[in-house]
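Position 128 (the sequence shown) corresponds to 111 in the numbering used here; numbering is contiguous. Positions of the beta carbon are idealized from the N, C-alpha and C atoms, including for glycine. Remember, it's a predicted structure, so these values are computed and weren't measured experimentally. Step one of this worksheet: look at the structure below.
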Amino acid sequence: MALTAGSITTTALDILSRYGLGDLSMRRLARELEVQPSALYWHVKDKQELFVLIATRMNAEVDARCPSTSDPLVAVMALRDILLTYRDGAEIMLLGYSISPSEVTPSALSVDALGQTVSQGVMAHALGAVAIEQNRSLFGIGNDDAGENFATIAARLLRTEVV
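Have a look at this one:
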């Protein structure tokens, strides 16, 4: 497999899904790709850029489901679903959002689509709520109403009805 930013991101997502954020290091990534760590830096400047690449890939999954003209509530629910697909997905997205919010915000939830205040509020809710949900799950603390509560709060932020 050729070493590209895409192959690095795919492998990083695999490590993230199997082991979590704590085990995602540039050395581990290089070992999985069977290259020297220095080879990664030709394609990815540093770990922060890697976080943005991973978050951008997750964002692309949301955008594929929900283009920019989609109902924002449907888009934020798709974001939740995708973040829950990856172990520590919300934490990675939060790191990417902290570094480059416009690159990792789904189109239907962007500043252009919703305005700055609503976009930032919805993203803060989504990332925070899913991070809490994922961490509670790691500790064996279930919340059967998490999805419903998430949707209710998102709808209020977006001032829409939950369907």
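Taking the alpha-carbon positions, what's the residue i to residue j distance?
| i | j | result |
| --- | --- | --- |
| residue 26 | residue -13 | 6 Å |
| residue 116 | residue 11 | 27 Å |
| residue 98 | residue 74 | 24 Å |
| residue 16 | residue -11 | 12 Å |
| residue 38 | residue 134 | 22 Å |
| residue 140 | residue -7 | 33 Å |
| residue 118 | residue 84 | 23 Å |
| residue 101 | residue 46 | 18 Å |
| residue 62 | residue 76 | 10 Å |
| residue 103 | residue 14 | 37 Å |
| residue 96 | residue 127 | 31 Å |
| residue 108 | residue 137 | 7 Å |
| residue 8 | residue 40 | 18 Å |
Leaving out the 5 sequence neighbours to the left and right, which residues in its chain are closer than 7 Å to residue i when beta-carbon positions are compared?
| i | result |
| --- | --- |
| residue 44 | 65 |
| residue 6 | -2 |
| residue 70 | -1, 0 and 3 |
| residue 114 | 73, 74 and 77 |
| residue 31 | 82 |
Tell me which same chain residues have a C-beta within less than 8 Å of the C-beta of residue i, skipping the five on either side of it?
| i | result |
| --- | --- |
| residue -9 | 12, 16, 23, 26, 27, 33 and 36 |
Leaving aside the five residues before and after residue i along the sequence, list all residues of the same chain whose C-beta is less than 6 Å from its C-beta, in chain order.
| i | result |
| --- | --- |
| residue 112 | 133 |
| residue 58 | 49, 89, 91 and 92 |
| residue 42 | 87 and 89 |
| residue 67 | none |
At what residues does the alpha helix (DSSP H) containing residue i begin and finish?
| i | result |
| --- | --- |
| residue 32 | 30 to 48 |
| residue 128 | Careful: residue 128 lies outside any alpha helix (DSSP H) and carries neither H nor E. |
| residue 80 | 72 to 82 |
| residue 10 | 9 to 16 |
With a threshold of 8 Å, are at least 3 pairs of Cβ atoms found where one atom belongs to the region 87 to 95 and the other to the region 45 to 63?
Yes, the region 87 to 95 is in contact with the region 45 to 63.
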